[in-house]
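J.: No gaps in the numbering here: position 83 of the sequence shown is 934 in this note's numbering, and each next residue is one more. Pasting in a structure now, in structure tokens, and then I'll have a few things to ask.
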Amino acid sequence: MLEILENLALVGLSIVMLWKCSDWLVESAARVGRRLGFSELTTGLVIVSICTSAPEFAVSVMAALQDKDDISVGNVVGSNIFNLGIILGLCTLIRSMPTNRRLVLRDGGILIATTLALVLMLHDGHLSRVESVLLLAGLAGYIGLLIFGKQELDEELPEDPMTWRDPLWLIAGMVGVVGGGELLVVGASELARMAGVSEWAIAVTIVAGGTSTPELAASLRAALSGRSGMSIGNLVGSDIFNMLGVLGAAGLIRPMSIGSDAQGSLVMLVGMCVVAVGFMRSGWRLSRWEGAVLLVAALARWGVDLGT
């Protein structure tokens, strides 16, 4: 019993570290985005999404280094489902959010294409170094498309100029995120062992939810302030970065293999992406009932994963 409590405390501490340190990263990144003249949507897609994905990056890379492939891949798959289902669903329940052609057709299309490509790579249960290089190349191309195709500010960002302290907060945030990621991998692995459930089930639910707390905070904050472009852009960009950048880097460290219990979650991920982008396209707006559908679907998948 004491060992269970110790590992629960370790997981809780790691999630708090990831939340707080990622918040430092996001705040600094948003100011950098304004300084560079990015639009609200581009800031969400590029800078905020990459920084909020720092916990996923830290956890998946640490797991790859420790030969825990199910945690490494499951963290990304689960985080993407969590982002599009639970976080986007909650944000849309707060208020319906308008979308636009650029977000849906360009970024939504890339999200679906990336998801299908990843599932195809993992259909045999393996992710090779060659496939990982292709993922990283895709990330470089996507970031280049966003940066060199950026438009003038289309939505006013709050006045919050970059200061000399921002680089310090950026470094502190990175250190904290790496440390929190290490603790989360250790704690989650032990909990899975003691509970008798697979590491994949823990990774695709508890670990994924923990590493997605920065996206939850950033997107809810943006939704409450009426900045739908940054809220949705952060989630779409994070999902793309998770698949191309996080798994690309983890798979480059060492080829990875996953168990057969991952197939259901991979199918769910494809379905969630297609449905979410379809909802964004319908009337160029995400309604509250559509958000409720996404939320219920993601929670139901959690129940299935934890029950197996």
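We put the beta carbon where it would ideally sit given N, CA and C, even for glycine. Small disclaimer: the values here were computed from a predicted structure and weren't measured.
#1: Let's see if you can read the secondary structure: which residues bound the alpha helix (DSSP H) around Pro906?
#2: What's the C-alpha gap between Asp920 and Ala914?
#3: At the level of alpha carbons, what is the spacing between Phe1092 and Met852?
#4: When the Cβ atoms of the region 1137-1156 are set against those of the region 934-950, are three or more pairs found closer than 8 Å?
#5: From the DSSP secondary-structure annotation, give me the bridge partner or partners of Pro949.
#6: Would you call Leu869 buried or exposed, if buried means 16 or more other Cβ atoms sit within 10 Å of its Cβ?
#7: For Glu1033, tell me which candidate among Val912, Leu856, Val897 and Ser900 has the shortest Cα-Cα distance.
#8: Note down, in chain order, each residue of its chain lying with its Cβ closer than 7 Å to the Cβ of Gly936, except the 5 sequence neighbours on either side.
#9: Cα-Cα, which of Ala1059, Arg952, Ser1082 and Arg1072 is closest to Phe1192?
#10: Buried or exposed, going by whether 16 or more other CB atoms sit within 10 Å of the CB of Ser873?
#11: Out of curiosity, what's the CA-to-CA distance linking Arg957 and Asn926?
#12: Indicate whether the contact test is met: 3 or more Cβ pairs, each with one atom in the region 1053-1069 and one in the region 1150-1159, closer than 8 Å.
T.: Looking at the atomic coordinates:
#1: Ala905 to Leu916
#2: 7 Å
#3: 38 Å
#4: yes
#5: Arg1136
#6: buried
#7: Val912
#8: Met1123, Leu1145, Leu1146, Ala1148 and Ala1149
#9: Coverage of the chain is limited to positions 852 through 1159, which leaves residue 1192 absent and any answer about it impossible.
#10: buried
#11: 26 Å
#12: yes
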